[in-house]
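Undergrad: Below is the structure I would like to discuss, written out as structure tokens.
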Amino acid sequence: MRPAWLLTAALLALPIGAAGQDGARGRHLAAACAICHGTEGRSAGGNKSLAGMPAAELIRKLQEFRSGAKPATAMLQISKGYSDAEIDAIAAYFAALGK
Amino acid sequence: MRAFSRREFLRLGGAAALSLAGCARTTGGKARVVVIGGGFAGATAAKYIRLWDPGIEVLMVEREAVFTSCPMSNLVLGGYKSMPDIQRGYQRLADYGVQRIRDEALAVDGAKKLVKLACGGDLSYDRLIVAPGIDFDFSELDGYQAAMAAGRVLHAWKAGPQTAALRKQLEAMRDGGVYVLSVPFAPYRCLPAPYERASLVAAYFKQAKPRSKVLIVDANPEITSKGPLFLRAWSDLYPGLIEYRANSKAIGVDAKNSVVNLEVEDVKGDVLNVIPPQRAGDIAAKAGVVTTNNRWCDIDWLTMESKAVKNIHVLGDATLAAPAMPKSGSLANNQAKLCAAAVVELINGRPPDPRPKLINACYSFVSPGEAVHLAAVYGWDAGERTMHPIKGAGGTSSERSELEAKNALAWAQNIWADSFG
Numbered sequence: 001m002r003p004a005w006l007l008t009a010a011l012l013a014l015p016i017g018a019a020g021q022d023g024a025r026g027r028h029l030a031a032a033c034a035i036c037h038g039t040e041g042r043s044a045g046g047n048k049s050l051a052g053m054p055a056a057e058l059i060r061k062l063q064e065f066r067s068g069a070k071p072a073t074a075m076l077q078i079s080k081g082y083s084d085a086e087i088d089a090i091a092a093y094f095a096a097l098g099k
Numbered sequence: 001m002r003a004f005s006r007r008e009f010l011r012l013g014g015a016a017a018l019s020l021a022g023c024a025r026t027t028g029g030k031a032r033v034v035v036i037g038g039g040f041a042g043a044t045a046a047k048y049i050r051l052w053d054p055g056i057e058v059l060m061v062e063r064e065a066v067f068t069s070c071p072m073s074n075l076v077l078g079g080y081k082s083m084p085d086i087q088r089g090y091q092r093l094a095d096y097g098v099q100r101i102r103d104e105a106l107a108v109d110g111a112k113k114l115v116k117l118a119c120g121g122d123l124s125y126d127r128l129i130v131a132p133g134i135d136f137d138f139s140e141l142d143g144y145q146a147a148m149a150a151g152r153v154l155h156a157w158k159a160g161p162q163t164a165a166l167r168k169q170l171e172a173m174r175d176g177g178v179y180v181l182s183v184p185f186a187p188y189r190c191l192p193a194p195y196e197r198a199s200l201v202a203a204y205f206k207q208a209k210p211r212s213k214v215l216i217v218d219a220n221p222e223i224t225s226k227g228p229l230f231l232r233a234w235s236d237l238y239p240g241l242i243e244y245r246a247n248s249k250a251i252g253v254d255a256k257n258s259v260v261n262l263e264v265e266d267v268k269g270d271v272l273n274v275i276p277p278q279r280a281g282d283i284a285a286k287a288g289v290v291t292t293n294n295r296w297c298d299i300d301w302l303t304m305e306s307k308a309v310k311n312i313h314v315l316g317d318a319t320l321a322a323p324a325m326p327k328s329g330s331l332a333n334n335q336a337k338l339c340a341a342a343v344v345e346l347i348n349g350r351p352p353d354p355r356p357k358l359i360n361a362c363y364s365f366v367s368p369g370e371a372v373h374l375a376a377v378y379g380w381d382a383g384e385r386t387m388h389p390i391k392g393a394g395g396t397s398s399e400r401s402e403l404e405a406k407n408a409l410a411w412a413q414n415i416w417a418d419s420f421g
């Protein structure tokens, strides 16, 4: 189980008022990704772990999936379901988790 | 799917479970959530409530000892996976502090906030999560239950003993035999699954008994999901092996003559796989949360709380679908997290997230080594108070591929780990 301090770290790591999102919002949005990338971004195999990925890297990847610049399968569609602010909140949440 | 005798219950560790029963609230916990059902929806909800607020006591009532996954079960029918490959234990949920009770919920008193268990004892709750999956409506299929009891027709639409039994029947079938697969009207659990099943059985026939045939008789006017991708795979990979008949609703099974009665004709087969119409699992009706067509449970999509009974949330296949939302394992898991987040907020006296989103990622194998996907993101529509698919964020693979098959297997490993610990 993830120790409690990690959650605190995740909440603290978010820029205050970033795009109107709060820590819980990023956590809830990010939880949806677990069906392919594992609980709290720690993959059970076959797909990339997202936990601990620098926010800028995940933001760039998601934006490239969304624009079509980066080839993808399911992420081609899924990335288009999120706004810039939502992508920022998801990336900040995963970045704050330990690998 | 059976109840356990009291002796069996005790042998299986019921003594520990009984200590949890009783009307009194346990001390220490700030609130108690009871979850009925340990599938993709129920297990995920139980785990995530504990993950997000370990102060909440979570009891999960599930009658089976292990989970058997419907996703990937068609690979077992084709002979490409074994039953243990698609099963997961519940032990790891204990790491999150989920208390599992191996029992069957018999009734729910929504006014007194009590769940009555088959093996005795009542469980009190502050909030109840009902995640029973589906049960079958056999009333529109003459002769079905007797034929099923005699082993002459199977649905294999809840993965488990019927999955293993259907595989045995396919193995025993003569070369040159006919496998009849009957599809009910949508909505049913997992729209593309019948066509995936037809594909993988055809792959097995092609290799092991090439004179045989798959005959799909579909109540619907066309293939209900990923149609062009399935049709292309069937003509490329299994020419002449799969026959598809639309508008062919089954109305009965004649076990003696090995026949499925359709509205318009009868079809004879060697192996009869008739998928009955479905509804929310039986405990939903007993809890009073079935709202629509005597089948499904309407809910508030911000919290998954029943529109019929307060403090009862309904998840997964049992829900009345939002527009263009299928009944899938991915959505059951995602709905469970939406619900877990809302329940944690509500118990802590805060409002639920007002802008939830859900992802559906749905893979189908069209051959043992190639798959296709359908993906969609759903967002809250405050005007209509429901979830809508987000425009431009949905669609299917452009073509089948080996990469998608790898992705499908990775999805299975990750959703099983995410749902069951």
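Line by line, the protein sequences are chains A and B.
Counting along the first sequence from 1, when you hit position 32 you're at 32 in this note's numbering, and nothing is skipped either side.
Counting along the second sequence from 1, when you hit position 232 you're at 232 in this note's numbering, and nothing is skipped either side.
Each residue gets a CB set at the ideal place from its N, CA and C atoms; glycine is no exception.
Computed from a predicted model, the values in this text were never measured in an experiment.
So, at 7 Å on beta carbons, what are the nonlocal neighbours of B/Pro351 in its own chain, with the 5 sequence-adjacent residues on each side left out?
TA: Answer for B/Pro351: Glu345, listed in chain order.
Undergrad: Could you tell me if B/Leu338 is buried or exposed, where buried requires 16 or more neighbouring beta carbons within 10 angstroms of its beta carbon?
TA: Buried, because 16 or more other Cβ atoms sit within 10 Å of the Cβ of B/Leu338.
Undergrad: Suppose the cutoff is 8 Å on Cβ atoms and the five residues either side in sequence are ignored; what does the same chain contact list for B/Leu166 look like?
TA: Hits under 8 Å: Leu77, Leu154, Ala156, Val271 and Asn273.
Undergrad: Could you give the distance in angstroms between the alpha-carbon of B/Asn201 and the alpha-carbon of B/Val260?
TA: Inspection of the sequence shows that residue 201 of chain B is occupied by Val rather than by Asn. So the alpha carbons of these two residues sit roughly 19 Å apart.
Undergrad: B/Arg50 and B/Gly97 - do their beta-carbons sit closer together than 7 Å?
TA: Yes. Within cutoff.
Undergrad: Between B/Gly395 and chain A, is any beta-carbon pair separated by less than 7 Å?
TA: So, interface residue.
Undergrad: Counting contacts by CB-CB distance shorter than 7 Å, is A/Lys99 in contact with chain B?
TA: Not closer than 7 Å to any Cβ of chain B, the Cβ of A/Lys99 fails to qualify, so no.
Undergrad: To which residues of the same chain is B/Gln162 closer than 7 Å at the C-beta, ignoring the five residues directly before and after it?
TA: The residues are Leu154, His155 and Ala156.
Undergrad: Mapping the DSSP letters down to three states, classify B/Leu128 as helix, strand or coil.
TA: Three-state result, B/Leu128: strand.
Undergrad: With distances taken Cα to Cα, identify the nearest neighbour of B/Val290 among B/Lys30, B/Pro277 and B/Lys307.
TA: Among B/Lys30, B/Pro277 and B/Lys307, the Cα nearest to that of B/Val290 is on B/Lys307.
Undergrad: Identify the continuous beta strand (DSSP E) that holds B/Ser364 and give its terminal residues.
TA: First-last of the beta strand (DSSP E) with B/Ser364: Lys357 to Ser367.
Undergrad: Of the residues that make up the region 318–339 of chain B, which ones have a beta carbon closer than 9 Å to any beta carbon in chain A?
TA: Those residues of the region 318–339 of chain B that come within reach of chain A (Cβ to Cβ, closer than 9 Å) are Gly329, Ser330, Asn333, Asn334, Lys337 and Leu338.
Undergrad: Under 7 Å Cβ to Cβ from B/Trp411, same chain only, skipping five residues before and after it: list those, please.
TA: Around B/Trp411: Ala361 and Tyr363.
Undergrad: Do you know offhand how far A/Ile90's Cα is from A/Leu29's?
TA: Going from the Cα of A/Ile90 to the Cα of A/Leu29 covers about 6 Å.
Undergrad: B/Val377 touches chain A at which residues, Cβ-Cβ below 8 Å?
TA: Within 8 Å Cβ-Cβ: Gln77, Ile78, Lys80, Gly81 and Tyr82.
Undergrad: Between B/Ser69, B/Asp85 and B/Ala111, which has its C-alpha nearest B/Asn311's C-alpha?
TA: It is B/Ala111 whose Cα lies nearest to the Cα of B/Asn311.
Undergrad: Consider the Cβ of B/Ala219: report whether some Cβ of chain A lies at a distance smaller than 7 Å.
TA: False, the Cβ-Cβ gap to chain A never drops below 7 Å.
Undergrad: Can you look up B/Phe185 in the DSSP assignment and give me helix, strand or coil?
TA: Here B/Phe185 sits in coil by DSSP.
Undergrad: B/Ala186: which of B/Val267, B/Lys213, B/Asp218 and B/Gln335 sits nearest, CA to CA?
TA: Taking only the C-alpha atoms, the option nearest B/Ala186 is B/Asp218.
Undergrad: When you compare only the Cα positions, how much space is there between B/Met304 and B/Ile56?
TA: Taking the straight line from one Cα to the other gives about 18 Å.
Undergrad: Check whether the Cβ of A/Ile35 lies closer than 7 Å to any Cβ atom in chain B.
TA: Interface residue, yes.
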